[in-house]
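**Q** Residue numbers (the working numbering), protein chains in the order written: chain A, 251 to 589; chain B, 251 to 589; chain C, 251 to 589; chain D, 251 to 589.
Ideal Cβ placement from N, Cα and C applies to all residues, glycine included.
In this text, all values refer to a predicted model and were calculated from it rather than measured experimentally.
One structure, as structure tokens, below. Some questions next.
4 protein chains.
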Amino acid sequence: MERQVKVGVLGAGYWGPKLIRNFQEIPSADMAMVCDLRQDRLDHIRELYPAVRVTTDYKELLGSDVEAVAIATPIRTHHRLAREALLAGKHVLVEKPLTANSEEAEDLVNLAEQRGLTLMVGHTFEYNPAVEYLRNLITSGELGRIYYINATRVNLGIFQPDINVVWDLAPHDVSILTFVLGMLPVNVSARGAAYVRPKIHDVAYLTLHFPNEVMADIRVSWLDPCKIRRITVVGSKKMVVYDDVEPTEKIKIYDKGVDVPPYSDTLEEFHLSYRYGDITTPAIPNVEPLRVECEHFLHCIRTGERPRSDGRDGLEVVRILEAATRSLLNGGMRERVRL
Amino acid sequence: MERQVKVGVLGAGYWGPKLIRNFQEIPSADMAMVCDLRQDRLDHIRELYPAVRVTTDYKELLGSDVEAVAIATPIRTHHRLAREALLAGKHVLVEKPLTANSEEAEDLVNLAEQRGLTLMVGHTFEYNPAVEYLRNLITSGELGRIYYINATRVNLGIFQPDINVVWDLAPHDVSILTFVLGMLPVNVSARGAAYVRPKIHDVAYLTLHFPNEVMADIRVSWLDPCKIRRITVVGSKKMVVYDDVEPTEKIKIYDKGVDVPPYSDTLEEFHLSYRYGDITTPAIPNVEPLRVECEHFLHCIRTGERPRSDGRDGLEVVRILEAATRSLLNGGMRERVRL
Amino acid sequence: MERQVKVGVLGAGYWGPKLIRNFQEIPSADMAMVCDLRQDRLDHIRELYPAVRVTTDYKELLGSDVEAVAIATPIRTHHRLAREALLAGKHVLVEKPLTANSEEAEDLVNLAEQRGLTLMVGHTFEYNPAVEYLRNLITSGELGRIYYINATRVNLGIFQPDINVVWDLAPHDVSILTFVLGMLPVNVSARGAAYVRPKIHDVAYLTLHFPNEVMADIRVSWLDPCKIRRITVVGSKKMVVYDDVEPTEKIKIYDKGVDVPPYSDTLEEFHLSYRYGDITTPAIPNVEPLRVECEHFLHCIRTGERPRSDGRDGLEVVRILEAATRSLLNGGMRERVRL
Amino acid sequence: MERQVKVGVLGAGYWGPKLIRNFQEIPSADMAMVCDLRQDRLDHIRELYPAVRVTTDYKELLGSDVEAVAIATPIRTHHRLAREALLAGKHVLVEKPLTANSEEAEDLVNLAEQRGLTLMVGHTFEYNPAVEYLRNLITSGELGRIYYINATRVNLGIFQPDINVVWDLAPHDVSILTFVLGMLPVNVSARGAAYVRPKIHDVAYLTLHFPNEVMADIRVSWLDPCKIRRITVVGSKKMVVYDDVEPTEKIKIYDKGVDVPPYSDTLEEFHLSYRYGDITTPAIPNVEPLRVECEHFLHCIRTGERPRSDGRDGLEVVRILEAATRSLLNGGMRERVRL
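What follows is the structure, given as structure tokens:
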């Protein structure tokens, strides 16, 4: 059996307990210590896992012998806590988005590289078997040339206290898109509105312009009657819908398309031919993506491998969110991702 | 019984036969004459309706004793044919969009007013009982303050030869939105791409900014594996989904929302309360909207009433499409609808 | 072009006009004459098809020069009208079910054979491409050994005046089942109830026992809130769902199953292994089954070929309905189909 | 706070851990001891709940100071273990079905009454808020006279080692039906087949005949490609679909029906009028039914109240399953539930 990695978790609010449960269940992890400012959350954790140490002082956790720290605190605290953890020699997994701005993210990336520590960001969907399947469909060429992607992630609630819907929901889609396409967008534009609370956008639309004229559109909302988590990828040969809300048929591959004639004249439109072929729903393994993510974190710590979603990936997503934020504030104009 | 109105139809391609069939079935219409450039289309019409006169010369139709003319020809011909029909003293129903640009639309509106003739545009969805129901939900205040609307109209094909997807599909949603909201957008922006044929957009996203911070987003595409025709209206009290593809449950009213506390402090987020109430699917009468539209056209001719979708409405939709086109070409910047 | 067959239609109520429209549209048919007792129905037909002769006297139709007669009248009249048509030397297509009892059906079968005329029954679903696809899946062995079939055909209404729900809806499923399985049931049992009108069953369940232990269950109801038309075929290798209400994904093939170990011991249950493989939705041609049926009828008349759904098939379905009726009245006991 | 009841659980296979987790989370329960024959299951439980005592000897558990015992072992052991528990003075909750036959069930009911102990059976669905809602719809008269109920509970697997699909899946539907109707069936018939393993039915159809001509049909299968858990209740005024697989819209109430005229003549069929009214999806509280069940068990122990699903209910369900089994073996004939 692999040697156990001693793990501490900072933050036991909504996401922290999921990390704790997974590290608890993974044989090669020793889920040792949890920190949260609220005593009632710590009581709850201790009731579930009596063997786990708890503290309200994160310095106690960073000063302990845990080898790795997972951070699931409010975003504004990510940079400070991750920085201190790295300085204390810990490997770090930070919940998405990595930080509140790109300067902070760059600082963490540099620090981790200097110290030779693993820095990973919790882009959980990159560890989702359906998303991996989608990536393989794209990179294998089965879909042909990729035209565009449309992504929707909406629901009623849960409103976040300190960030808007772009920073809350869009990191999922942005990390999925850059992962499955294997490239980064050059420009981003965004439109949105703040209805429930002043100045905190609860509805937004992002447009990402990738190289090769690939366009991606993302709709995020905390104000929608239905839970929709759906990504459509349209290629020249085939089209795919990935519906994360579907219990079993998450991916549908449509052998559909328009075949364009090689030449072109004034009547070309009448030569367009449509294909309406079979639909295939591949069997996707039923695993918990967060479990895969946690195991990957431990694996990278042990081997020194670069994580699939490393600090640089986290930095790139933050840059995209920043560009989207600039566009939101300037009336929807395109913003370059790299200034 | 009401007196019969003698009707002629210009264009017997895709849409024309539907108009012909409806005027044929309406007792108070005398479906008298059809014009098309292609003899095979006329042969087809004569086979179906032996009593209908056919011609390849539109001047023959305009010179006949028909009282009203319905125009279902390519958009670039709308203005010329409608103009000549009005000059010949005919009442005119033009398929959507009314014309290829706003100057043409204004000309028709002015001409019809000068001559005292009925000018109507075929915004068929305004005669759809589900859309009327949606309008009543909004204007009655049942949904509370309207926040935003999201509309999707996508499918694989049918590519139009001479216009892009914005001018083909978006007129439906633009006319629905202005009808149900009872107001016009001030600014429009649009993004899109042309994948299958050069310079003819086959995928586009429009954002319409209405007064009172109401935002509407429209997604149209000729390149999508699924047929989706869905409009979500989010209000402060209730939310509605209108799904035109659903055979029976076209409208769903969600008694869902977020209640904001009257005061606000640093912890306000914890005071947000969510309502997850009943869902109601009202019974919607099952009528053919085009039948209602044709009967309304005849009614306005007889009574001199202004049509629900009159020339001015057609002009407003064309202005919005023009603004969207300008935005498409300038990188997605907001464009004022009225210059 | 093939020579035209002159066709007459008896009955212009609900189904008759569909036959008339199809024969009207098929180039190799001459839709010549229609008979109905109600003058208003004939007026309607004449308005739609001015060239078609109409009469209230079926003897006039049978005495005319039509070569083929399609019968879409109430079931109790099928035998008499079909008999007279055959005696008058006409080829005959009778709506399903062929007759009100098996004696009548046998009489028609014998008469048609004696006279060398085509006798066909309108088991329309046998001409449905999805049903043909299903049959091929079964007969090719792709599903493995067929275990059982479950069929549901329910809706609210339309109550028939003179027959119960078994004779109204079950003929569809019975003809589909015998067609796709390529065999006839040995025993039938049925249970049901009459809620809305005394003694006329509006809800019923049939169980058909085929050779090789293949079991099929059919649920029919005029009293259900949802329109369901769904057939599940479970084989040892694969399973199929045919959902006729689905607009595009009518057939889904599930690569799912339970693999049984070759030996058996007290713990065999722990050795059962489940397969959860891909789902495939084949593209099914979009044709009107009734059009295919009408063309097949004309083809058989011209060539003398035996129709896919000939009089004998109609007789077998009537025998199964009779056995189901006997079981309905005797408390649900199994009845042999052949006495 | 209520006094804590000390609870022991027999069986830690599939269902036992769910009971253990719930008793662990309920403040008024002291989840004290777990027994299973397999040491690995006990190790697993101890890892999750280090404070819980474990044993492979049920006599140790029955001899301990636990006040209540929950039994989640194979059905053939239910009677012996429940009997010994009652003799040891413990209150008992037995997983459904209560016992393997009605003699055993009667013995337990009598014993519990003699000893004044709570005997409850785990008909979990009776504690499901959607089922309670359905019961209220029926008993309030909102649906009118109840005509019939159709229930489907199918899936691929999980095959049980020692019982057939009737004893595995039908107890859910039988207990739901008797609970929502508030009455017991008089006759039962059943049909089925054993495809995967000899003599163990994996597919079955039950018909239950209740007083007042209410008919209920239940379809259960371990061999179906889709997971369906759906109950349709048809009343004279309204109809309801309860779909347990739906994540949010579990109950849909259809204001649909057929109105029969008060008199009857030969043309009565033309006077039938159909109502196609609104559909309502009530908001159903999102609670775990097993949690409600466990709390109810504890409440009854404390107060001496008779449980909603007491031993007698368990006995009645077993009697219905026995009648179904007799019918399965005699070719589907109706069997009286009470001999």
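1) Quick one: Cα of tyrosine 504 of chain A to Cα of arginine 291 of chain B, how far?
2) So which residues of chain A does glutamate 566 of chain C contact, with C-beta pairs closer than 8 angstroms?
3) Since methionine 489 of chain D sits in a beta bridge, which residues does DSSP pair it with?
4) For a contact defined as C-beta to C-beta under 9 angstroms, what are the partners of glycine 407 of chain A on chain B?
5) Whose CA, out of B/Arg303, B/Asp286 and B/Leu387, lies closest to the CA of alanine 322 of chain B?
6) Determine, using beta carbons only, whether proline 532 of chain C comes closer than 8 angstroms to chain A.
7) Quick one, which of A/His422, A/Thr428, A/Asp452 and A/Glu585 has its alpha-carbon nearest tryptophan 472 of chain A's?
8) Please report the distance separating the alpha-carbon of leucine 336 of chain A from that of arginine 365 of chain A.
9) Determine the burial state of cysteine 509 of chain B: buried for a count of at least 16 other Cβ atoms within 10 Å of its Cβ, exposed for fewer.
10) Measuring only the C-alpha atoms, how far is glycine 561 of chain D from leucine 369 of chain D?
11) Can you round the beta-carbon distance between threonine 482 of chain D and valine 491 of chain D to whole angstroms, since I take them to be within the 8 angstroms contact cut?
12) For the stretch 551-567 of chain A against the stretch 341-357 of chain A, do three or more pairs of beta-carbon atoms, one drawn from each stretch, fall closer than 8 angstroms, so that the two count as touching?
13) Could you tell me the distance, in whole angstroms, from the CA atom of threonine 498 of chain A to the CA atom of arginine 479 of chain A?
14) Could you tell me the distance, in whole angstroms, from the CA atom of proline 379 of chain D to the CA atom of glutamate 543 of chain D?
15) Whole angstroms are fine: how far does the CA of leucine 434 of chain A sit from the CA of glutamate 566 of chain A?
16) What does a CB cutoff of less than 8 angstroms around asparagine 351 of chain C pick up in its chain, not counting 5 residues either side in sequence?
17) Measure the Cβ-Cβ separation of alanine 574 of chain A and valine 436 of chain A and say whether it is below 8 angstroms.
18) Establish whether the CB of isoleucine 388 of chain C and some CB of chain A are separated by less than 8 angstroms.
19) Using only alpha-carbon positions, find the residue among D/Ile529, D/Tyr445, D/Val464 and D/Arg330 that is nearest to cysteine 476 of chain C.
20) Taking 8 angstroms as the CB-CB cut-off, is alanine 282 of chain B touching chain A?
21) Taking the runs of the beta strand (DSSP E) that are 3 residues or longer, which of them lie wholly in the stretch 386-453 of chain C?
22) Find the residues of chain B that neighbour tyrosine 264 of chain A, judging by a C-beta separation of less than 8 angstroms, and give them in chain order.
23) Quick one: using the 10 Å Cβ neighbour count with 16 as the cut-off for buried, is tyrosine 524 of chain C buried or exposed?
24) Leaving out five residues on either side along the sequence, give the residues of the same chain with a beta carbon under 7 angstroms from the beta carbon of proline 461 of chain A.
25) Return the bridge partner residues of cysteine 285 of chain C from the DSSP annotation.
26) Tell me the rounded alpha-carbon separation between glycine 582 of chain A and tyrosine 455 of chain A.
27) Going by the beta-carbon positions, is the gap between tyrosine 397 of chain B and alanine 466 of chain B smaller than 8 angstroms?
28) To the nearest angstrom, how far is the alpha carbon of threonine 374 of chain D from that of glutamate 382 of chain D?
29) How is tyrosine 522 of chain B classed by DSSP in three states: helix, strand or coil?
30) For valine 371 of chain D, collect the residues of the same chain with a Cβ closer than 7 angstroms to its Cβ; drop the 5 residues on either side in sequence, then sort them by chain order.
31) Count the CB pairs spanning the stretch 382-393 of chain C and the stretch 271-281 of chain C that are closer than 8 angstroms, and state whether there are at least three.
32) Can you grab the Cα-Cα spacing for the pair glutamate 310 of chain D / glutamate 334 of chain D, in whole Å?
33) Could you tell me the alpha carbon to alpha carbon distance between valine 430 of chain D and lysine 487 of chain C, rounded to whole angstroms?
34) Let's test the definition: count the other Cβ atoms within 10 Å of the Cβ of lysine 449 of chain B and tell me whether it reaches 16, buried, or not, exposed.
35) At which residue ranges does the stretch 535-565 of chain D contain complete alpha helix (DSSP H) runs of 4 or more residues, listed in the order of the chain?
36) Please tell me whether tyrosine 397 of chain C has its Cβ less than 8 angstroms away from any Cβ of chain D.
**A** If we stick to the structure as given:
1) Here residue 504 of chain A corresponds to residue number 254 of the first sequence, with the count starting at 1. Here residue 291 of chain B corresponds to residue number 41 of the second sequence, with the count starting at 1. Near 34 angstroms, if we compare the C-alpha coordinates of arginine 291 of chain B and tyrosine 504 of chain A.
2) On the third sequence, position 316 is the one that residue 566 of chain C refers to. Here the premise fails: no neighbours, minimum Cβ distance about 34 angstroms.
3) Within the fourth sequence, residue 489 of chain D is the residue found at index 239, counting from 1. In the DSSP output, where bridge partners are listed per residue, methionine 489 of chain D has D/Val484 and D/Tyr504.
4) Numbered from its first residue, the first sequence carries residue 407 of chain A at position 157. Within chain B, the residues near glycine 407 of chain A are Val508, Leu522 and Tyr524.
5) Locating residue 322 of chain B in the second sequence gives position 72, counting from the first residue. When only C-alpha atoms are compared, the closest one is B/Asp286.
6) Translated into the one-based positions of the third sequence, residue 532 of chain C becomes position 282. Judged by the 8 angstroms Cβ criterion, proline 532 of chain C is in contact with chain A.
7) Here residue 472 of chain A refers to the residue found at position 222 when the first sequence is read from its first residue. For tryptophan 472 of chain A, the nearest C-alpha among the options comes from A/Asp452.
8) The residue you call residue 336 of chain A lines up with position 86 of the first sequence. The residue you call residue 365 of chain A lines up with position 115 of the first sequence. Between leucine 336 of chain A and arginine 365 of chain A, the C-alpha separation is close to 8 angstroms.
9) Here residue 509 of chain B refers to the residue found at position 259 of the second sequence. In the sequence as displayed, the identity of residue 509 of chain B is aspartate instead of cysteine. Exposed: under 16 other Cβ atoms inside 10 Å.
10) Residue mapping note: residue 561 of chain D aligns to position 311 of the fourth sequence, counting from 1. Residue mapping note: residue 369 of chain D aligns to position 119 of the fourth sequence, counting from 1. Answer to the nearest angstrom: the Cα atoms are 5 angstroms apart.
11) In the fourth sequence, counting from the first residue as 1, residue 482 of chain D sits at position 232. In the fourth sequence, counting from the first residue as 1, residue 491 of chain D sits at position 241. So it is a contact: roughly 5 angstroms between Cβ atoms.
12) yes
13) The count along the first sequence starts at 1 and reaches residue 498 of chain A at position 248. The count along the first sequence starts at 1 and reaches residue 479 of chain A at position 229. Straight-line Cα distance between these residues: approximately 14 angstroms.
14) Here residue 379 of chain D refers to the residue found at position 129 when the fourth sequence is read from its first residue. Here residue 543 of chain D refers to the residue found at position 293 when the fourth sequence is read from its first residue. If you take the alpha carbons of proline 379 of chain D and glutamate 543 of chain D, they lie about 11 angstroms apart.
15) The residue given as residue 566 of chain A occupies position 316 in the first sequence. The residue given as residue 434 of chain A occupies position 184 in the first sequence. In a straight line, the C-alpha of glutamate 566 of chain A is about 8 angstroms away from that of leucine 434 of chain A.
16) Position 101 of the third sequence, counted from the first residue, corresponds to residue 351 of chain C. Val568 and Glu572, listed in sequence order.
17) As a position in the first sequence, residue 574 of chain A is number 324, starting the count at 1. As a position in the first sequence, residue 436 of chain A is number 186, starting the count at 1. No, they are not a contact pair.
18) As a first step, residue 388 of chain C is located in the third sequence; it is residue number 138 there, counting from the start. By this cut-off, isoleucine 388 of chain C is not an interface position.
19) Sequence index remark: in the third sequence, residue 476 of chain C carries index 226 (1-based). Checking every option, the nearest Cα to that of cysteine 476 of chain C belongs to D/Ile529.
20) Taking the first residue of the second sequence as 1, we reach residue 282 of chain B at position 32. It does not; no Cβ of chain A falls within 8 angstroms.
21) 396-406 and 437-443
22) Taking the first sequence and counting its residues from 1, one reaches residue 264 of chain A at position 14. In chain order: nothing, as chain B lies at least about 13 angstroms away.
23) Locating residue 524 of chain C in the third sequence gives position 274, counting from the first residue. When all chains shown are included, tyrosine 524 of chain C counts as exposed.
24) As a position in the first sequence, residue 461 of chain A is number 211, starting the count at 1. Only Met433 and Val436 meet the Cβ criterion.
25) By one-based count along the third sequence, residue 285 of chain C stands at place 35. Note: cysteine 285 of chain C sits in a beta bridge opposite C/Leu260 and C/Thr305.
26) For the purposes of this step, residue 582 of chain A is identified with residue 332 of the first sequence, where counting begins at 1. For the purposes of this step, residue 455 of chain A is identified with residue 205 of the first sequence, where counting begins at 1. Between glycine 582 of chain A and tyrosine 455 of chain A, the C-alpha separation is close to 10 angstroms.
27) The count along the second sequence starts at 1 and reaches residue 397 of chain B at position 147. The count along the second sequence starts at 1 and reaches residue 466 of chain B at position 216. Result no, Cβ atoms of tyrosine 397 of chain B and alanine 466 of chain B do not sit closer than 8 angstroms.
28) Taking the first residue of the fourth sequence as position 1, residue 374 of chain D is located at position 124. Taking the first residue of the fourth sequence as position 1, residue 382 of chain D is located at position 132. So the alpha carbons of these two residues sit roughly 11 angstroms apart.
29) Residue mapping note: residue 522 of chain B aligns to position 272 of the second sequence, counting from 1. For the sequence presented, residue 522 of chain B should be read as leucine rather than tyrosine. Looking at leucine 522 of chain B - three-state DSSP - the assignment turns out to be coil, as it is neither helix nor strand.
30) What you label residue 371 of chain D is simply residue 121 of the fourth sequence in a count that begins at 1. For valine 371 of chain D, where only same-chain residues beyond five positions count, the Cβ hits under 7 angstroms are Val344, Lys346, Leu348, Ser559, Gly561, Asp563 and Gly564.
31) no
32) Within the fourth sequence, numbered from 1, the residue matching residue 310 of chain D stands at position 60. Within the fourth sequence, numbered from 1, the residue matching residue 334 of chain D stands at position 84. Straight-line Cα distance between these residues: approximately 12 angstroms.
33) Along the fourth sequence, one-based indexing puts residue 430 of chain D at 180. Along the third sequence, one-based indexing puts residue 487 of chain C at 237. Valine 430 of chain D and lysine 487 of chain C: Cα-Cα distance of roughly 39 angstroms.
34) The count along the second sequence starts at 1 and reaches residue 449 of chain B at position 199. Counting Cβ neighbours within 10 Å, lysine 449 of chain B comes out exposed, since fewer than 16 surround it.
35) 539-553
36) Translated into the one-based positions of the third sequence, residue 397 of chain C becomes position 147. At least one chain D Cβ lies under 8 angstroms of tyrosine 397 of chain C.
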